[in-house]
Amino acid sequence: MGGDGDVVMWCSGDMIPGVVNVTAPAVWKTHIKEVLFSQEAISKRVAEMAAQISADYAGKEVICVGLLKGAFVFLSDICRQLSVPNVIDFLTVSSYGHSTTTSGSVKLKKDLDVDPRGKHIIIIEDLIDTGTTLAWIQKHLSSKDCASVKLCTLLDKKSRRTPSLNLKIDYVGFECPDEFVIGYGMDFNEHYRCLPFVGVLKPSVYAK
Ligand code: IMP
Ligand code: MG
6 MGGDGDVVMW CSGDMIPGVV NVTAPAVWKT HIKEVLFSQE AISKRVAEMA AQISADYAGK
66 EVICVGLLKG AFVFLSDICR QLSVPNVIDF LTVSSYGHST TTSGSVKLKK DLDVDPRGKH
126 IIIIEDLIDT GTTLAWIQKH LSSKDCASVK LCTLLDKKSR RTPSLNLKID YVGFECPDEF
186 VIGYGMDFNE HYRCLPFVGV LKPSVYAK
């Protein structure tokens, strides 16, 4: 599943509307139900978000903390459009394993390399679902005397949020319907992260 096979250029006119000039394994094409956010839509929105962050942090330095692995594409796109001085770091936590729903228990696998004390931190996330992961990270950072901690996500599955977490998201790219999505850094069983758009995975792929 999702593994071997030819790498081909997916072209407009192929079976997935909205996909243009994507180079990817041919078999993955058959795994995608629809494209939710195209390469073009994402790139426009990421530029807007970068401009907003640059304006909000004018005169300050920010530490952009990407949550690995899902945020690696979003972080690399957004950080290259910031006009404020910035430092890039990563956190790795695990909560999903090989499933499509969170296990609910978050484990820290890699902490920050930089000392966040006195620094303005922006957590960069691919997708907020229940909010468990970000709530855990906020708590993790709350003892570290950061100057500020803000949350930035490309996608927000708002309808799935655990209300009691009271999570305030400072920067949201798009609201996301309650579907399992892949691409633009997001995976199922580590596949599909390299697709340049966000698509809905066919349930038949993960129901196997
Ligand atoms: P939360 O802790 O429930 O908010 O889950 C957030 C994490 O789960 C994010 O880091 C995502 O990478 C992952 N996740 C949630 N929904 C999806 C999805 O539809 N596709 C891929 N990853 C997802
Ligand atoms: Mg993630």
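With the working numbering as the guide, the letters of the sequence shown map in order to residues 6 to 213.
Positions of the beta carbon are idealized from the N, C-alpha and C atoms, including for glycine.
| Item | Value |
| --- | --- |
| Please state the DSSP three-state secondary structure of S164. | helix |
| Roughly how many angstroms lie between the CA atoms of K124 and G188, to the nearest whole one? | 31 Å |
| Our contact map puts C151 next to P121 with C-beta atoms below 8 Å; I'd like the distance itself, whole angstroms only. | 5 Å |
| Since I believe F202 is in contact with V24 (beta carbons under 8 Å), could you give me their beta-carbon distance rounded to a whole number of angstroms? | 7 Å |
| Taking the C-alpha atoms as reference points, what is the distance between V27 and M191? | 16 Å |
| With hydrogens ignored, establish whether the beta-carbon of L139 is closer than 7 Å to any heavy atom of the ligand IMP. | yes |
| Quick one: complete beta strand (DSSP E) runs, 3+ long, within the stretch 73 to 145? | 91 to 99, 112 to 115, 125 to 133 |
| Leaving out five residues before and five after G7 in sequence, what residues of the same chain have Cβ atoms less than 6 Å from its Cβ? | Confidence is the limiting factor: at G7 the pLDDT is only 47, short of 50, which leaves the residue's position unreliable, though a coordinate-based value still follows. For G7, where only same-chain residues beyond five positions count, the Cβ hits under 6 Å are H196. |
| Should V40 be counted as a contact of the ligand SAM given a C-beta to heavy atom distance under 7 Å? | No copy of the ligand SAM occurs in the structure displayed; its ligands are the ligand IMP and the ligand MG alone. |
| Throw me the rounded Cβ distance for the L96 and K115 pair, which I believe falls under 8 Å. | 6 Å |
| Who are the Cβ neighbours of R50 in its own chain at under 6 Å, not counting the five residues just before and after it? | G178 |
| Is the stretch 128 to 143 touching the stretch 74 to 89, taking contact as three or more C-beta pairs under 8 Å? | yes |
| Less than 7 Å between the CB of T28 and some heavy atom of the ligand IMP, yes or no? | no |
| What is the rounded straight-line gap between the Cα of L200 and the Cα of T158? | 18 Å |
| Between which two residues does the alpha helix (DSSP H) holding A29 run? | Unbroken run through A29 is the beta strand (DSSP E), 27 to 30; no alpha helix (DSSP H). |
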